[in-house]
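Visitor: Have a look at this one before I ask anything.
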Amino acid sequence: MTAAQIRLATLVRREVSRFMKIKRQTVGAPLLETFLYISVFGAALGSRINELNGIDYVVFVIPGLIMMAWAINAFSNNASSILQQKFQRAIDDQLSSPASPTELLLAFTLGGFLRGMLVAILTFTAASFLVDLPVEEPLVLIPALFLTGFFFAQLGVLVGVRAEQFDDVSFAQTFVLQPLIFLGGVFYSAELLPNPFETLTQFNPIYYMIGLVRYGFLGYEETNIALSLLFLSLVTLALFALNLRLFNRGYKLRV
1474 MTAAQIRLAT LVRREVSRFM KIKRQTVGAP LLETFLYISV FGAALGSRIN
1524 ELNGIDYVVF VIPGLIMMAW AINAFSNNAS SILQQKFQRA IDDQLSSPAS
1574 PTELLLAFTL GGFLRGMLVA ILTFTAASFL VDLPVEEPLV LIPALFLTGF
1624 FFAQLGVLVG VRAEQFDDVS FAQTFVLQPL IFLGGVFYSA ELLPNPFETL
1674 TQFNPIYYMI GLVRYGFLGY EETNIALSLL FLSLVTLALF ALNLRLFNRG
1724 YKLRV
């Protein structure tokens, strides 16, 4: 391994160790929350709705829940980690270390990405015991999940860098991220909405991410898959470039 690879691996291991030390909060709580969603929306509403677009309702919502688990955990891990280290002045040592801005950014990104992936895998495993969840299009599902996880990990980095207090992170997650996810079609198909709500949903970028993941699992196509993948790739790359610029400048990384 090169010196750069060793530095990156060390920084990533530190991030992973941080969230695994409180795994009941960082892994157990999100898994329980997702299980409750499956129970409430799957068992309670599923018995009344039965099917949605020819798919069992509980099966229809699980891909969105898996995507939601990955997104929220990747975001919250990075936003809270960076803000906490800014307040503790621990990030000063990292900024003055031999690690480059790119290595620091990748380490933070991968920390949230791995936490989100862990929760998503556990969610998929738990859901597989409850329902028969197919994987119809793995060649779409795998890049869709990885791009989604990377995007929200980057978004968490951006919010953590710009945040000046913990309320800023809570506001972004509670009043921006979660409403966009819930209104992006996790629990319903946008095709069933009357106008103007169907049209408004199509302006929600998370709608296309959920559409990609749902297509990967179920083969149900609600959005243009090729354009959605291209869009997700471009915005993820743009967000990474923006964060890298902030890290190179040291923007708000010291409080």
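Per the working numbering, residue 1474 is the first one in the sequence shown, and the count goes up by one each step.
Think of the CB as a built atom: it goes at the ideal place given N, C-alpha and C, for glycine as much as any other residue.
Keep in mind that this is a model prediction, so the values were computed, not measured.
Among 1648, 1531, 1560, which one has its Cα closest to the Cα of residue 1638?
Guide: Residue 1638 has its Cα closest to that of 1560, out of 1648, 1531, 1560.
Visitor: So if DSSP puts residue 1671 in a beta bridge, which residue, or which two residues, is it bridged to?
Guide: Bridge partners of residue 1671: none, in fact.
Visitor: Apart from the five residues just before and just after residue 1596, which ones in its own chain have a Cβ nearer than 6 Å to its Cβ?
Guide: Contacts found: 1507, 1539, 1542.
Visitor: Contact between the region 1635-1652 and the region 1570-1586 is defined here as three or more beta-carbon pairs at a separation below 8 Å; is this criterion met?
Guide: Not touching, per the Cβ criterion.
Visitor: Could you give the first and the last residue of the continuous alpha helix (DSSP H) run that contains residue 1688?
Guide: Where residue 1688 is concerned, the enclosing alpha helix (DSSP H) stretches over 1678-1691.
Visitor: Per DSSP, what are the beta-bridge partners of residue 1524 in this structure?
Guide: BP columns for residue 1524 point to 1529.
Visitor: I'd like to know whether the C-beta atoms of residue 1604 and residue 1659 end up nearer to each other than 8 Å.
Guide: No, Cβ-Cβ distance for residue 1604 and residue 1659 is not below 8 Å.
Visitor: Evaluate residue 1505 with the Cβ neighbour count: other Cβ atoms within 10 Å of its Cβ, from every protein chain shown; 16 or more gives buried, anything less gives exposed.
Guide: Burial call: exposed.
Visitor: Going along the chain, which residues of its own chain have a beta-carbon closer than 8 Å to the beta-carbon of residue 1571, five neighbours each way excluded?
Guide: Hits under 8 Å: 1476, 1480.
Visitor: What is the C-beta distance between residue 1568 and residue 1726, in whole angstroms, given that I count them as a contact (C-beta under 8 Å)?
Guide: About 6 Å; that satisfies the 8 Å criterion.
Visitor: Check the C-beta distance from residue 1613 over to residue 1666 and give it rounded, since I have them as a contact under 8 Å.
Guide: Wrong, their Cβ atoms sit about 24 Å apart, outside the cutoff.
Visitor: Indicate whether the contact test is met: 3 or more Cβ pairs, each with one atom in the region 1493-1500 and one in the region 1587-1601, closer than 8 Å.
Guide: At 8 Å Cβ cutoff, the stretches touch.
Visitor: How would you write the range of the alpha helix (DSSP H) that residue 1608 sits in, first residue to last?
Guide: Note, residue 1608: premise wrong, no alpha helix (DSSP H); not H, not E.
Visitor: Take residue 1600 as the anchor and find which of 1488, 1663, 1490, 1536 has the nearest alpha-carbon.
Guide: Comparing Cα positions, the closest option is 1536.
Visitor: For residue 1652, is the classification buried or exposed, using 16 other Cβ atoms within 10 angstroms of its Cβ as the cut-off for buried?
Guide: Per the 10 Å Cβ criterion, exposed.
Visitor: Among 1487, 1553, 1689, 1699, which has the Cα closest to the Cα of residue 1606?
Guide: Per the Cα distances, 1689.
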